[in-house]
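A.B. asks: By full-length UniProt numbering, the letter at position 269 of the first sequence is numbered 269, and the numbering carries on one by one without gaps. Glycine residues also receive a C-beta, built at the ideal position from the N, C-alpha and C atoms. Computed from a predicted structure; not experimentally measured.
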Amino acid sequence: MLRGTGSFMLSKLLQAQGLSSMKEVEQAHAFLTKAGFFAHNQVIAKLIAFASLSSSGCLVYAQSLFEETTMDDPFICNTMIRAYTNSIFPIKAIHIYNHMHNLNVGTDNYTYNFALKACARALKCKEEDAVKSYGVGIARKGAEIHCRVFKLGYDSDLYVQNSLVFAYSQCGYIGFARHVFDEITERSVSSWNIMISAYDQINDFESADKLFVLMPQKNVVSWNTFLARHVRLNKIEAAKKLFKEMPEKDAVSWNSMIAGYVEVKDYDGALNLFREMQNSKVKATEVTLISILGACAETGALEIGMKIHESLKVKKHKMEGYLGNAIVDMYAKCGKLSSAREVFNELKMKTVSCWNAMIVGLAVNGYSEEALDLFAAMEKKLNEVRPNRVTFTGVLIACSHKGLVEEGSWYFNHMIQKYSIMPDKKHHGCMVDLLSRGGLLYEAYQLIETVPSDESIILWRTLLGACRVHRNVELAEKCFQHLANLEPLKDADYVLLSNIYAEAERWDDVERLRNGMINMGVLKILGSSHIEMK
DNA sequence: ATAGGGTTAG
Numbered sequence: 001m002l003r004g005t006g007s008f009m010l011s012k013l014l015q016a017q018g019l020s021s022m023k024e025v026e027q028a029h030a031f032l033t034k035a036g037f038f039a040h041n042q043v044i045a046k047l048i049a050f051a052s053l054s055s056s057g058c059l060v061y062a063q064s065l066f067e068e069t070t071m072d073d074p075f076i077c078n079t080m081i082r083a084y085t086n087s088i089f090p091i092k093a094i095h096i097y098n099h100m101h102n103l104n105v106g107t108d109n110y111t112y113n114f115a116l117k118a119c120a121r122a123l124k125c126k127e128e129d130a131v132k133s134y135g136v137g138i139a140r141k142g143a144e145i146h147c148r149v150f151k152l153g154y155d156s157d158l159y160v161q162n163s164l165v166f167a168y169s170q171c172g173y174i175g176f177a178r179h180v181f182d183e184i185t186e187r188s189v190s191s192w193n194i195m196i197s198a199y200d201q202i203n204d205f206e207s208a209d210k211l212f213v214l215m216p217q218k219n220v221v222s223w224n225t226f227l228a229r230h231v232r233l234n235k236i237e238a239a240k241k242l243f244k245e246m247p248e249k250d251a252v253s254w255n256s257m258i259a260g261y262v263e264v265k266d267y268d269g270a271l272n273l274f275r276e277m278q279n280s281k282v283k284a285t286e287v288t289l290i291s292i293l294g295a296c297a298e299t300g301a302l303e304i305g306m307k308i309h310e311s312l313k314v315k316k317h318k319m320e321g322y323l324g325n326a327i328v329d330m331y332a333k334c335g336k337l338s339s340a341r342e343v344f345n346e347l348k349m350k351t352v353s354c355w356n357a358m359i360v361g362l363a364v365n366g367y368s369e370e371a372l373d374l375f376a377a378m379e380k381k382l383n384e385v386r387p388n389r390v391t392f393t394g395v396l397i398a399c400s401h402k403g404l405v406e407e408g409s410w411y412f413n414h415m416i417q418k419y420s421i422m423p424d425k426k427h428h429g430c431m432v433d434l435l436s437r438g439g440l441l442y443e444a445y446q447l448i449e450t451v452p453s454d455e456s457i458i459l460w461r462t463l464l465g466a467c468r469v470h471r472n473v474e475l476a477e478k479c480f481q482h483l484a485n486l487e488p489l490k491d492a493d494y495v496l497l498s499n500i501y502a503e504a505e506r507w508d509d510v511e512r513l514r515n516g517m518i519n520m521g522v523l524k525i526l527g528s529s530h531i532e533m534k
């Protein structure tokens with residue numbers, strides 16, 4: 001039986017249309033192992049390539065297939081590098097590349113092309129911790145690869161050249177990128193597109209436009225670059241106009257336009273365009289769905305989000321990577337935490353963003369204990385993932401929600417000491433809220449004193465409010481003074497302090513403050529009802 | 001077997 005299935009698989013493997021599901025990959029794998037064919041590298045590479053497809057594959061499986069080989073075949077290594085380059089873990093592509101180099105596995109132009117692209121993507125991707133943990137720095141790795149490219153003579157390969165331009169520009173070395181670009185003797189449309197996009201990304205529109213005029217041919221990517229520029233600059237009307245007038249539209253054009261609507265928070269516009277896209281010739285991609293799920297998350301459009309999730313399940317589409325995260329986030333933001341958790345648990349590879357979407361989702365919906373439990377689970381996997389600023393925002397929100405003052409303070413210090421994460425605006429906000437609601441006004445006061453002044457204004461106001469609740473006139477005066485030193489006071493600030501005085505029956509101070517307001521010209525804005533005068 | 005443009009947590 002197995003043999004029959006296997007030979008069918010093998011013939012399918014070698015056919016042009018290839019395999020159609022992970023199940024078939026597994027069957028083919030089993031057959032090959034049993035029949036002793038596993039040494040056929042071309043076949044294994046095909047399995048790995050299929051397993052790394054983002055729509056239906058399984059990257060973990062691809063990696064295990066890879067490890068079953070002797071890991072010294074250039075073709076297979078290249079396939080694995082490419083798989084990771086296009087994944088949410090481009091850094092792992094560099095690890096494979098390093099492995100090739102260390103073991104003297106032969107490399108070719110494909111290797112360098114993929115590895116350079118991985119460098120570029122590793123920097124662009126928001127897995128900042130993964131990049132940091134890499135140590136020497138991706139940009140240096142890219143330069144190192146360039147040296148090898150040069151030594152081996154691949155610097156005349158157009159694909160490698162284009163990847164070099166891309167990698168240098170993403171690493172912030174636009175001058176080097178331009179140098180490589182200028183050296184290319186026969187530029188392709190892609191060469192021009194990469195260089196123009198590089199200038200666009202650093203807002204050097206003049207240089208971008210100059211090249212745009214010079215380029216001999218343009219394609220849909222060239223137009224998409226312009227569309228992306230308008231979207232990035234929030235010029236939604238210009239984007240709409242260009243979108244309408246473009247000579248050709250592909251999925252990226254639609255995705256950019258949808259992302260543009262989402263960016264300016266026109267979620268209805270995004271959903272309408274999504275419907276229009278579904279009626280067009282261009283098929284929605286994962287990126288389309290990710291944008292739309294984001295719109296659902298922001299508007300609480302649970303039904304649309306669920307519909308997308310359902311249709312993906314029907315199509316047996318893989319729920320991993322960005323898409324898996326977008327679904328988790330959509331459910332979490334829509335308050336359907338059980339569904340969020342279900343999808344989250346199924347994610348085979350969880351980036352820090354996945355953990356954060358879940359932890360923050362639990363925290364803001366009031367499931368403090370679950371959020372903190374999940375954080376504890378995350379800390380047990382430090383070899384895979386490291387908490388970052390956002391994680392601790394979620395943790396502190398969880399504490400704040402339930403008034404867990406001691407725990408919150410502990411996590412706050414833990415964040416700084418164990419993870420060397422410097423607290424930001426959100427962390428300070430949570431902590432001041434937590435401390436002051438718990439009545440630890442002086443602790444809150446001391447904390448605010450450590451905060452940069454431009455971030456502390458809102459914190460002083462929070463504490464001033466807490467001083468009223470806890471009837472602490474002395475501290476209220478201090479907060480008021482700090483506020484006064486930082487920016488022109490608002491009438492609400494005077495009202496608050498005045499009420500605090502009034503509640504302490506310090507009528508002289510109420511009067512003094514009132515006079516001060518008249519002098520400052522604030523009082524005329526106030527209705528007399530604002531101040532509770534006796 | 002190659003590229004380039006579009007995507008997730010706060």
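(1) Val-352 and Val-328 look like a contact to me (Cβ under 8 Å); what is the Cβ gap, rounded to whole Å?
(2) So is Asp-433 buried or exposed if we call it buried at 16+ other beta carbons inside 10 Å?
(3) Can you check which of these residues, Arg-121, Met-349, Tyr-84 and Cys-77, is closest to Leu-103 by C-alpha distance?
(4) Taking the straight line between their C-alpha atoms, what separation do you get for Ser-52 and Lys-316?
(5) Answer with buried or exposed for Pro-452, where buried requires no fewer than 16 other C-beta atoms within 10 angstroms of its C-beta.
(6) Check each candidate in Met-257, Val-360, Lys-380 and Leu-65 and name the one with the smallest Cα separation from Leu-396.
(7) Would Leu-372 pass as a contact of Leu-337 if the rule is Cβ separation under 8 Å?
(8) Runs of 3 residues minimum, wholly inside the UniProt repeat "PPR" (250-284): which ones carry the beta strand (DSSP E) assignment?
(9) Any chance the stretch 503-512 sits against the stretch 480-489, with 3 or more Cβ pairs inside 8 Å?
(10) Rounded to whole angstroms, how far is the Cβ of Ala-208 from the Cβ of Ile-196, which I believe are closer than 8 Å?
(11) So within the stretch 328-386, which uninterrupted alpha helix (DSSP H) runs reach at least 4 residues, ignoring any that extend past its ends?
(12) Tyr-368: which of Ala-228, Lys-380, Phe-392 and Lys-350 sits nearest, CA to CA?
(13) Let's test the definition: count the other Cβ atoms within 10 Å of the Cβ of Ile-518 and tell me whether it reaches 16, buried, or not, exposed.
(14) Let me know the alpha helix (DSSP H) ranges lying completely inside the stretch 57-102, each 4 residues or longer, listed in chain order.
(15) Would you say the beta carbon of Tyr-112 comes nearer than 7 Å to a heavy atom of the ligand ADP?
(16) Check whether the stretch 284-296 and the stretch 29-37 are in contact - that is, three or more C-beta pairs closer than 8 Å.
(17) From Ile-88 to Gly-321, what distance separates their C-alpha atoms?
(18) Closest to Val-287 by CA distance: which of Ala-259, Glu-206 and Tyr-267 is it?
(19) So what does DSSP say about Met-195, is it helix, strand or coil?
(20) If we count Cβ pairs, one from each stretch, closer than 8 Å, do we get three or more for the stretch 65-79 versus the stretch 297-312?
(21) To the nearest angstrom, how far is it from the Cα of Ser-20 to the Cα of Ile-457?
(22) With a threshold of 16 other CB atoms inside 10 Å of the CB of Asn-345, please say whether the residue is buried or exposed.
(23) Going straight from the alpha carbon of Val-25 to that of Gly-300, what length do you get?
(24) Thinking Val-390 and Asn-356 are a contact (beta carbons under 8 Å), I'd like their distance in whole angstroms, please.
(25) CA-CA distance, Ala-120 and Cys-171?
(26) Return the CA-CA distance between Leu-440 and Ser-420, expressed in angstroms with no decimal places.
(27) Which term fits Pro-216, buried or exposed, when burial requires 16 or more other beta carbons within 10 angstroms of its beta carbon?
(28) Provide the residue span of the alpha helix (DSSP H) that contains Gly-429, from first to last.
(29) Under a three-way DSSP split, which group does Cys-171 fall into?
(30) Decide if Cys-334 is buried, meaning its Cβ has at least 16 other Cβ atoms within 10 Å, or exposed.
(31) Would you identify the three-state DSSP class for Gln-217, choosing helix, strand or coil?
(32) Return yes when the Cβ of Leu-227 is within less than 8 Å of the Cβ of Ser-190, no when it is not.
(33) If I'm right that Gly-324 touches Leu-289 with Cβ under 8 Å, what's the distance once you round it to whole angstroms?
(34) Under 7 Å Cβ to Cβ from Glu-477, same chain only, skipping five residues before and after it: list those, please.
C.D. replies: A quick look at the data gives this:
(1) Within the first sequence, the letter at position 352 stands for residue 352. Within the first sequence, the letter at position 328 stands for residue 328. Actually they do not touch by this definition, with Cβ atoms about 13 Å apart.
(2) As a position in the first sequence, residue 433 is number 433, starting the count at 1. Asp-433 should be labelled buried.
(3) One-based indexing of the first sequence puts residue 103 at position 103. Among Arg-121, Met-349, Tyr-84 and Cys-77, the Cα nearest to that of Leu-103 belongs to Cys-77.
(4) In the first sequence, counting from the first residue as 1, residue 52 sits at position 52. In the first sequence, counting from the first residue as 1, residue 316 sits at position 316. The straight-line gap from Cα to Cα measures roughly 15 Å.
(5) Taking the first sequence and counting its residues from 1, one reaches residue 452 at position 452. Label assigned to Pro-452: exposed.
(6) By one-based count along the first sequence, residue 396 stands at place 396. Of the listed residues, the one whose Cα sits closest to Leu-396 is Val-360.
(7) Position 372 of the first sequence holds residue 372. Position 337 of the first sequence holds residue 337. Not a contact, by the Cβ cut-off of 8 Å.
(8) none
(9) no
(10) Reading the first sequence from its first residue, position 208 is the one you call residue 208. Reading the first sequence from its first residue, position 196 is the one you call residue 196. The Cβ separation is near 5 Å, so the contact holds.
(11) 337-346, 352-364 and 368-379
(12) Here residue 368 corresponds to residue number 368 of the first sequence, with the count starting at 1. Strictly speaking, residue 368 in this sequence is Ser, with Tyr absent from that position. Ser-368 has its Cα closest to that of Phe-392, out of Ala-228, Lys-380, Phe-392 and Lys-350.
(13) As a first step, residue 518 must be located in the first sequence, where it is residue number 518. Its Cβ having fewer than 16 others within 10 Å, Ile-518 is exposed.
(14) 59-68, 74-85 and 90-102
(15) Although the ligand ADP was asked about, the structure shown includes no ligands whatsoever.
(16) no
(17) Start at 1 with the first residue of the first sequence, and residue 88 comes out as number 88. Start at 1 with the first residue of the first sequence, and residue 321 comes out as number 321. Answer to the nearest angstrom: the Cα atoms are 6 Å apart.
(18) As a working mapping, residue 287 is identified with position 287 in the first sequence. Closest by alpha carbon: Ala-259.
(19) Translated into positions along the first sequence, residue 195 becomes position 195. In the structure shown, Met-195 sits in a helix (DSSP, three-state: H, G or I).
(20) no
(21) Locating residue 20 in the first sequence gives position 20, counting from the first residue. Locating residue 457 in the first sequence gives position 457, counting from the first residue. The straight-line gap from Cα to Cα measures roughly 58 Å.
(22) Counting from one through the first sequence, the residue named residue 345 turns up at place 345. The residue is exposed, with fewer than 16 neighbouring Cβ atoms inside 10 Å.
(23) Within the first sequence, numbered from 1, the residue matching residue 25 stands at position 25. Within the first sequence, numbered from 1, the residue matching residue 300 stands at position 300. Using only the alpha carbons, I get a separation of about 38 Å.
(24) As a position in the first sequence, residue 390 is number 390, starting the count at 1. As a position in the first sequence, residue 356 is number 356, starting the count at 1. Right, the Cβ-Cβ distance comes to about 5 Å (below 8 Å), so this counts as a contact.
(25) Position 120 of the first sequence, counted from the first residue, corresponds to residue 120. Position 171 of the first sequence, counted from the first residue, corresponds to residue 171. Computed Cα separation, rounded: 7 Å.
(26) Here residue 440 refers to the residue found at position 440 of the first sequence. Here residue 420 refers to the residue found at position 420 of the first sequence. In a straight line, the C-alpha of Leu-440 is about 25 Å away from that of Ser-420.
(27) Reading the first sequence from its first residue, position 216 is the one you call residue 216. Result: exposed.
(28) For this step, residue 429 is matched to residue 429 along the first sequence. Segment 425-437, the alpha helix (DSSP H) holding Gly-429.
(29) Indexing the first sequence from 1 puts residue 171 at position 171. Coil, per DSSP.
(30) Translated into the one-based positions of the first sequence, residue 334 becomes position 334. Answer is buried; the Cβ neighbour count reaches 16.
(31) In the first sequence, counting from the first residue as 1, residue 217 sits at position 217. Coil, per DSSP.
(32) What you label residue 190 is simply residue 190 of the first sequence in a count that begins at 1. What you label residue 227 is simply residue 227 of the first sequence in a count that begins at 1. No, the Cβ-Cβ distance between Ser-190 and Leu-227 is not below 8 Å.
(33) As a position in the first sequence, residue 324 is number 324, starting the count at 1. As a position in the first sequence, residue 289 is number 289, starting the count at 1. Contact flag wrong, Cβ pair sits at about 11 Å.
(34) Your numbering for residue 477 matches position 477 in the first sequence. Excluding residues within five positions, none has a Cβ falling inside 7 Å.
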